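In this note's numbering, the protein residues as written are 163 to 417. Since the structure comes first, as structure tokens, the remarks are kept for the end.
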């Protein structure tokens, strides 16, 4: 990797860190850059996951106020998230890399589409809350760990937009304010990314230079994102991420 490529990877990590603070789905920026500088797709995915863990920790810290009183719930749901992350990470490393190459364009399109419809999802969640007056049945409470398990599989395997998936589903299932659900979501995403990262370090092929560059960039980007989040029009940023995601998917399909 030359100096220009290293700078591009740092910039990708910085952009991903900032985007994750403001809107989520930063992987749609950092992952394609690792592909562009020559890393194989699975190695790029593994290294990107590990490199973005510091940014995930930062997100949990910055939204910690919303976690007050949620420790029992977080522990219960984290079991499902961690179990799913192990399954997803194991699938990534045990299945042939051609399988990942085949499905990653679909996953990128899914992530970009979820980013596109995020405002609609948020509106539906709010409407659902209003309709049921923030009450939840025991059945919906029992479903939440199962949802976290399957979201964890997705997060351990690829990860982009897993936060949107969790926020949309938990926002409907759990009787709590959306800001508190978002704080809980950050914890669960952190659990998934952390568990998958440990699995990848032990069993995977890690490009440590890429990890270091992404990590440095993501920490700086998270700090920048926290400061400028109120100045950047979220619809503009969302449009950029969606267009980038679809462009990356098209390129992956054609190559």
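For every residue, glycine included, the Cβ atom is placed at its ideal position computed from N, Cα and C. Source: prediction; values computed, not measured.
Any chance the segment 339-348 sits against the segment 366-373, with 3 or more Cβ pairs inside 8 Å?
No, the segment 339-348 does not touch the segment 366-373.
Run through DSSP, which three-state label would residue 214 get?
On the chain shown, residue 214 is found 52 positions in, with the first residue counted as 1. Residue 214 falls in the coil class under three-state DSSP.
Can you give me the C-alpha to C-alpha distance between residue 405 and residue 285, rounded to a whole angstrom?
What you label residue 405 is simply residue 243 of the chain shown in a count that begins at 1. What you label residue 285 is simply residue 123 of the chain shown in a count that begins at 1. Going by the C-alpha atoms only, they are around 22 Å apart.
Please say whether residue 362 and residue 208 have beta carbons closer to each other than 7 Å?
Here residue 208 refers to the residue found at position 46 of the chain shown. Here residue 362 refers to the residue found at position 200 of the chain shown. Cβ distance < 7 Å, so residue 208 and residue 362 count as in contact.
Residue 202 - DSSP class collapsed to helix/strand/coil:
As a working note, residue 202 is residue 40 in the chain shown. Here residue 202 sits in coil by DSSP.
For a test of the three-state rule: what should DSSP assign to residue 320, helix, strand or coil?
Along the chain shown, one-based indexing puts residue 320 at 158. If DSSP states are grouped into helix, strand and coil, residue 320 belongs with coil.
When the Cα of residue 400 is compared with those of 359, 281 and 172, which residue comes out closest?
If you number the chain shown from 1, residue 400 lands on position 238. Taking only the C-alpha atoms, the option nearest residue 400 is 281.
Residue 310 and residue 239 closer than 7 Å at C-beta:
As a working mapping, residue 310 is identified with position 148 in the chain shown. As a working mapping, residue 239 is identified with position 77 in the chain shown. Against a cut-off of 7 Å, the Cβ pair of residue 239 and residue 310 comes out as a contact.
Closest to residue 322 by CA distance: which of 232, 267, 417 and 385 is it?
Residue numbering aside, residue 322 sits at position 160 when the chain shown is read from its first letter. Per the Cα distances, 267.
Supposed contact pair residue 206 and residue 196 - C-beta distance, whole angstroms, cut 8 Å:
Position 34 of the chain shown, counting from 1, holds the residue named residue 196. Position 44 of the chain shown, counting from 1, holds the residue named residue 206. Contact holds; Cβ gap of about 4 Å.
Please look up how many angstroms separate the CB atoms of residue 319 and residue 254, rounded, as I've assumed it's under 8 Å.
For this step, residue 319 is matched to residue 157 along the chain shown. For this step, residue 254 is matched to residue 92 along the chain shown. Contact holds; Cβ gap of about 5 Å.
Please report the straight-line C-alpha distance between residue 258 and residue 365, rounded to a whole angstrom.
Counting from 1 along the chain shown, the entry for residue 258 is found at position 96. Counting from 1 along the chain shown, the entry for residue 365 is found at position 203. Here the C-alpha atom of residue 258 lies approximately 15 Å from the C-alpha atom of residue 365.
With a CB to CB cut of under 7 Å and the five nearest residues on each side skipped, what residues in its chain are close to residue 210?
Taking the first residue of the chain shown as position 1, residue 210 is located at position 48. Answer for residue 210: 189, 192, 193, 196 and 376, listed in chain order.
Quick check on the burial criterion: 16 or more other C-beta atoms within 10 angstroms. Buried or exposed for residue 212?
For this step, residue 212 is matched to residue 50 along the chain shown. In summary, residue 212 is buried, with 16 or more beta-carbon neighbours lying within 10 Å of its beta-carbon over all protein chains present.
From residue 416 to residue 198, what does the alpha carbon distance come to, in whole angstroms?
Reading the chain shown from its first residue, position 254 is the one you call residue 416. Reading the chain shown from its first residue, position 36 is the one you call residue 198. Spanning the two alpha carbons is a distance of roughly 14 Å.
Is it true that the CB of residue 384 sits closer than 7 Å to the CB of residue 217?
As a first step, residue 217 is located in the chain shown; it is residue number 55 there, counting from the start. As a first step, residue 384 is located in the chain shown; it is residue number 222 there, counting from the start. Between residue 217 and residue 384, the gap from beta carbon to beta carbon is short of 7 Å.
Output the distance between the C-alpha atoms of residue 335 and residue 164, rounded to the nearest integer angstrom.
For the purposes of this step, residue 335 is taken as the residue at position 173 of the chain shown. For the purposes of this step, residue 164 is taken as the residue at position 2 of the chain shown. If you draw a straight line from the Cα of residue 335 to the Cα of residue 164, it is about 48 Å long.
Would you grab the beta carbon distance between residue 250 and residue 305 for me? Rounded to a whole angstrom, and I think it's under 8 Å.
Working through the chain shown from its first residue, we reach residue 250 at position 88. Working through the chain shown from its first residue, we reach residue 305 at position 143. The Cβ separation is near 19 Å, so there is no contact.
Output the boundary residues of the alpha helix (DSSP H) element that contains residue 397.
One-based indexing of the chain shown puts residue 397 at position 235. DSSP places residue 397 inside the alpha helix (DSSP H), whose first and last residues are 396-416.
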